[in-house]
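Number of protein chains: 2
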Amino acid sequence: MALTVDTMNQQVVKAEYAVRGRLPMRAAEIRAELAKGSASYPFDELVFCNIGNPQSVGMVPLTFNREVLALLMAPHLLEKGEAMVSAGLMSAEAVARAREYQSKGANVGAYTDSIGFSFVRDEVCDMLEARDGHRVNPLHIFLTNGASEGVRLMMTALGASHLGGKVGVMTPIPQYPLYSALTTLIDGELVGYYLDEAEGWAISEEALRQSHAKATAEGVQVRALVVINPGNPSGANLDAATLEMVAKFAHEKGLVLMADEVYQENVFTDHPFVSLSRVVRELGLPVEIASMHSLSKGFLGECGVRGGYAVFENFDEGVLAQFVKMKSIELCSNTVGQLSVGLMVRPPTADAKPLYDQEVADVLAGLRERADILTKTMNSLDGISMPPIGGAMYAFPQVTLPPGAQKAADAQGVPADEFYCMQALENTGLVVVPGSGFQQQPGTFHFRTTFLPQPTAKMEKALGAFASFHNDFMAKHA
Amino acid sequence: MALTVDTMNQQVVKAEYAVRGRLPMRAAEIRAELAKGSASYPFDELVFCNIGNPQSVGMVPLTFNREVLALLMAPHLLEKGEAMVSAGLMSAEAVARAREYQSKGANVGAYTDSIGFSFVRDEVCDMLEARDGHRVNPLHIFLTNGASEGVRLMMTALGASHLGGKVGVMTPIPQYPLYSALTTLIDGELVGYYLDEAEGWAISEEALRQSHAKATAEGVQVRALVVINPGNPSGANLDAATLEMVAKFAHEKGLVLMADEVYQENVFTDHPFVSLSRVVRELGLPVEIASMHSLSKGFLGECGVRGGYAVFENFDEGVLAQFVKMKSIELCSNTVGQLSVGLMVRPPTADAKPLYDQEVADVLAGLRERADILTKTMNSLDGISMPPIGGAMYAFPQVTLPPGAQKAADAQGVPADEFYCMQALENTGLVVVPGSGFQQQPGTFHFRTTFLPQPTAKMEKALGAFASFHNDFMAKHA
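Protein sequences appear in the order of chains A and B.
Using my numbering, read the first sequence as starting at 70 and increasing by one per residue.
Using my numbering, read the second sequence as starting at 70 and increasing by one per residue.
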């Protein structure tokens, strides 16, 4: 073999990505068995709470957005727009928007500028101005294949081995494993800072300072600070005071801020979502900040389309030119994703508005309802606790595992939380991800669960089964 | 600044990507000036022969493919499929195919398996079997965001700095700059082998051996060999004997083969396209081969959709598992691109077939017509020569520049071929890319041009202006 695991890129080999790890692989096996009827389980179907993939578990796409995309996909339909409206196949507004985009150069089949359609970037500018009260330069907005691509771009740029010492990336613990995986790929060091579980997974200044000081003392060149807000997997919606503290800390230490704000529309607290970009600007700090957003979450849930954007503020223009070059090497992001970003940031205002508003309200109400049921169920169980869910699509409950569980896990050679989650899967069909995939305070155990599966009754039933399982598990391994 | 060009990833800074370099940037300026009427040029419009972006210069997408995609994009239209067929808005076959894909799980809005929809990978298997007479394992087929992503995956895996010495990637010269850029990004060494211009840009065994021996003597760990067939920018369609020689050489030297075969439908020779995978298999060699294909070329030209696939044959299963992990970190390729791959490899056979066949025939006939005109024009000019175009969408004519041209270029501090191409742009509106962006034999000058712009009369007119310019240029700088 010319290429083996030993002779390939060792950073790839070392990278871990738990969201698609052993648990979901076992779930895929069970699903196949259930479909074939080749094995029996104490449940009829799996309930997938392991991944933020809303449309795979019942979320319905927004009609207006999909109509516009269908028309741009088939220009011969757009030519017959009036007939389609008359036949009740389309809203007039969808036809109008598709024609507007077409007139601005929305050709689905052609490469776009490396950083994306300029008219979509202008629409993002408008949305950001309405949200934050400030107009960014549209040349600082890059349309990407999901938020992940923006993060990869930023992390690749940070991977400067010539400076000596490992490049450190400060990341919340628990963290979304994209960050640990990409840090490993650039041969960097994940400099974790623990979120404060007792304070609803807030960021504490003390935790930032401790983590930075420790890494620096070990020779790590700490260069960036990741903030995931609302939090994945924490489910926290950070307040303005916390974000101000974070921005000042980044300024003091000369760090690039990475603001992962893909859940900005998924908020359950009394205080609204506040962007880190707005905080940085209002404090007048020259801190470099890359802010990422995505189609995949919010009330769109368009994971499969792969669209999103990154905004680079306060960056050196020479560095930005390098970002453009990086984008150009892969030509451009997919056009359907780019156009979907335009639709995300500019909702309909005419005949498509009533249905759109109703669809959005239904999605958000369903999420809130299931978040409440999840929180109540978890906090009703002995040995499980979690703070209220402030935002995003996740909870990260803590499980106090009895000594027998650790022993049983050791016997199988797996982490105790993975053992627990695997047992939950085999007994209830509920698929969740062990906390070890996201990292956690040593000696504590958690799991990440979404509250996405629809209808709500399905999730309620799965949680009922889970509650019984949990009580049996605790008794059995006490 | 926390991040400057000096403190960022130096491999990114060193990477070059000429296809979107100074020439197209100047062209973009001119286009903006022409649109505003703020400057005058000896032409009314630019003719973009600088990039393989067919739908930006007149290629029309295939109706059947776009109908299926529009229906999957807007499932409420698919529900009304019969009504749409009756109203003449869709072919019945498009509705049937969309329903078939939907029943197999084609949910545009959800993440798919990391390597893509299994039913699309099965369709790719069917196509490969019909083409090559052998069935590959569908788990060895990865659906990607264009061919570029497959190349990036493969190159990332090859970047094994722990082995000592630079990782060498053998690449044809002239080469598509994706390869040089990605080689730089992995801190590898581009080990160029010169294509034989006198033999219509064929690969000679001598060139392979010389290049491998030289790199090895310099301490480079040569690990892979790239074959672009049909060639970009060379325009060659390699014959089976050449491919056999290449496969045997890769086997002898223990190299991974990378077969960039995105132009396999764009063939102008008497002999058909032959896949390197087929050659490797028929020789019975255990050589690892990654073969890439794309939606962006052929008769689809769906560049903006970003779809393609990579087939990994004879690879170690442990390495393949690492490839799956790499794909999973970015979740999956965009679903529209994935579905478009299915449509590419499985054309319609019922009521959509006549229109589809006509559209394909028109595209291919237009390409052949313009290839002929281009070849004739170029070979009619003193100081320009090129072999017949065997395949792909490009020609790479050689220009014998007079001494005065080199002097004038030196005065501006640009390569002589860039000076020539820039003068052509300013005088004729024809946008081509200087050969230095693709590399070439020292002391020779070339440029790459497509033959995509439609209608043919537009390209004819631009070539007429170019011929006059060329004769003037040669006289002026003699």
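Cβ atoms here follow ideal geometry from the backbone N, Cα and C, with glycine treated the same way.
- Put simply, the backbone Cα of Gly237/A is about 31 Å away from that of Pro457/A.
- In this model, Ala250/A and His145/B are separated by some 39 Å (Cα to Cα).
- If one requires a minimum length of 4 residues, the alpha helix (DSSP H) runs lying completely within the stretch 302–384 of chain A are 309–322 and 345–352, in chain order.
- Taking C-beta atoms as the reference points, Thr338/B and Val81/A fail to come closer than 8 Å.
- Under the DSSP assignment, Val260/B falls outside any alpha helix (DSSP H), being part of the beta strand (DSSP E) whose first and last residues are Glu258 to Tyr263.
- Between the stretch 190–208 of chain B and the stretch 143–159 of chain A, the count of Cβ pairs shorter than 8 Å is below three; the stretches do not touch.
- A distance of 8 Å or more separates the beta carbons of Ala430/B and Asn335/B.
- Runs of alpha helix (DSSP H) with 4 or more residues, each lying fully within the stretch 398–465 of chain B, are found at 404–414 and 422–448, listed in chain order.
- Close partners of Glu357/A in chain B (Cβ separation under 9 Å): Met70, Ala71 and Leu72.
- At a cut-off of 8 Å between beta-carbon atoms, Arg100/A makes no contact with chain B.
- The beta carbon of Met395/B sits closer than 8 Å to some beta carbon of chain A.
- With a cutoff of 8 Å on beta-carbon distance, Met327/B and Val356/B are scored as not near each other.
- According to the DSSP secondary-structure assignment, Met239/A is paired through a beta bridge with Val260/A and Leu294/A.
- Residue burial is scored here from C-beta neighbours: Glu98/A has fewer than 16 other C-beta atoms within 10 angstroms and is therefore classed as exposed.
- Boundaries for His203/A: no beta strand (DSSP E) harbours it, and the DSSP string shows neither H nor E there.
- A residue is called buried once 16 or more other Cβ atoms fall within 10 Å of its Cβ, and Pro111/B, having fewer, is exposed.
- Residue pairing by DSSP places Pro503/A opposite Phe516/A in a beta bridge.
- For Ile210/B, no alpha helix (DSSP H) segment is defined; the enclosing uninterrupted segment is the beta strand (DSSP E) at Ile210 to Thr213.
- Beta-bridge partners assigned by DSSP to Gln509/B: none are found.
- Chain-order list of chain A residues neighbouring Tyr86/B: Lys394, Ser397 and Ile398, by C-beta distance under 8 Å.
- Per the Cβ contact rule, the stretch 304–318 of chain B is in contact with the stretch 461–470 of chain B (3 or more Cβ pairs under 8 Å).
- Among the CB atoms of chain B, none fall inside 8 Å of the CB of Phe542/A.
- Taking a 10 Å sphere around the C-beta of Arg204/A, we find fewer than 16 other C-beta atoms and assign the residue as exposed.
- Going by C-alpha positions, Ala229/B is about 10 Å away from Leu72/A.
- Cβ contact annotation for Ala276/B (same chain, cutoff 6 Å, sequence separation greater than five): Tyr262 and Tyr263, in chain order.
- Taking C-beta atoms under 8 Å as the contact rule, Gly498/B and Arg517/B fail to qualify, at a distance of about 17 Å.
- Shortest Cα-Cα distance from His362/A to any of Pro341/A, Glu330/A and Gly353/A involves Glu330/A.
- Tyr378/B sits away from Lys394/A, with the two beta carbons spaced by 8 Å or more.
- Within its own chain, the residues whose Cβ lies closer than 7 Å to the Cβ of Leu247/B, once the five positions on either side in sequence are excluded, are Ser217 and Val220, listed in chain order.
- Under the three-state reduction of DSSP output, Phe117/B falls in the strand class.
- Contact annotation: in the stretch 135–147 of chain B, residues whose CB is within less than 7 Å of a CB in chain A are Arg135, Glu136, Leu138, Ala139, Met142, Ala143, His145 and Leu146.
- The alpha-carbon of Ala84/B is positioned some 59 Å away from that of Lys545/A.
- Here the C-alpha atom of Tyr425/A lies approximately 51 Å from the C-alpha atom of Gly257/B.
- By the beta-carbon neighbour count (other beta carbons within 10 angstroms, threshold 16), Lys366/B is buried.
- Flagged as an interface residue toward chain A: Asn176/B, by a C-beta distance shorter than 8 Å.
- Contact holds between the stretch 369–389 of chain B and the stretch 395–405 of chain A, because three or more Cβ pairs, one in each stretch, are under 8 Å apart.
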